[in-house]
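See below for the structure under consideration.
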Amino acid sequence: MSNSDTNSTPEEQGETKLVPFPPGVLTSEHEQQITIIRSCLQSWLVAREDIKKELASSRERMGSAMEELRNLKVEAPYAFTPPPPYTYRSVLLSCIKCYWLAQVASLDDAKRGELAKRLDVIPPYGKRIPQFNGTRCVEKAGELNAREYEGLMRTVVYVVLGLSEDGVAKMWRELAEVGVMTWEERD
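Right, dumping it as structure tokens:
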């Protein structure tokens, strides 16, 4: 792979569609938010891969990717409110909320019911994954608390398998990968 390929995002390399939901399911504003979020997350993931490969200037690219993530603004009604005191956590919660709203909106009633049932059977795990009330998570998708959204970030990639296109699970996996690596970052 050439150095120019290494510095390009997966989207630029033609590997993924930034909005993996069927056309017409989301508003154009929602699609725009997802595009902005995924572009930022993919830049971060490319920078992380460059560090693993010990490529020249990879630390500087990761610094830029961290700055881009820190400055990512998700607009209402997709932003998590009230924002927690840590910038990265605030950004991540808004990304999760935006994705979750899209996830729920993209499913028909039968698949929403299945999604709720799948969430109900996820066992709680420490402080990171709560005991989900699947029906509430689906019906009140935009009203969840920080712990519920964090739990979704950590589990939903497995929950949506078979309910959504493969690109949706990939979108969630990208968010989870960046999220677990930056959740504890302090300003």
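Taking the working numbering, I'd label the letters of the sequence shown as residues 2 to 188.
Ideal Cβ positions, reconstructed from N, Cα and C, are used throughout, including at glycine.
Every value quoted in this text rests on a predicted model; they were computed, and no experiment measured them.
Residue i burial status per 10 Å Cβ neighbour count (16 or more: buried)
| i | result |
| --- | --- |
| T156 | buried |
| P21 | buried |
| A103 | buried |
| K182 | Looking at the sequence shown, residue 182 is not Lys but Met. Answer is exposed; the Cβ neighbour count stays below 16. |
| L153 | buried |
| G180 | buried |
| V169 | buried |
Nearest-angstrom Cα separation, counted from residue j out to residue i
| i | j | result |
| --- | --- | --- |
| R90 | D110 | 31 Å |
| T82 | S58 | 36 Å |
| T36 | T136 | 28 Å |
| E55 | R71 | 24 Å |
| P24 | Q132 | 33 Å |
| K141 | W173 | 19 Å |
For residue i, the first and last residue of its enclosing alpha helix (DSSP H)
| i | result |
| --- | --- |
| E68 | S59 to R71 |
| K98 | T88 to A106 |
| R129 | Here R129 belongs to no alpha helix (DSSP H), and DSSP marks it neither H nor E. |
| G168 | D167 to T183 |
Sub-8 Å separation of residue i and residue j beta-carbons
| i | j | result |
| --- | --- | --- |
| E115 | L164 | yes |
| L93 | I38 | no |
| M63 | I52 | yes |
| S107 | V75 | no |
| E61 | S44 | no |
Pick from the options that is closest to residue i, judged by C-alpha positions
| i | options | result |
| --- | --- | --- |
| Y100 | W45, T28 and R49 | T28 |
| V105 | Y126, P131 and V160 | V160 |
| V158 | I97, Q43 and P131 | I97 |
| Y126 | A117, E151 and K112 | E151 |
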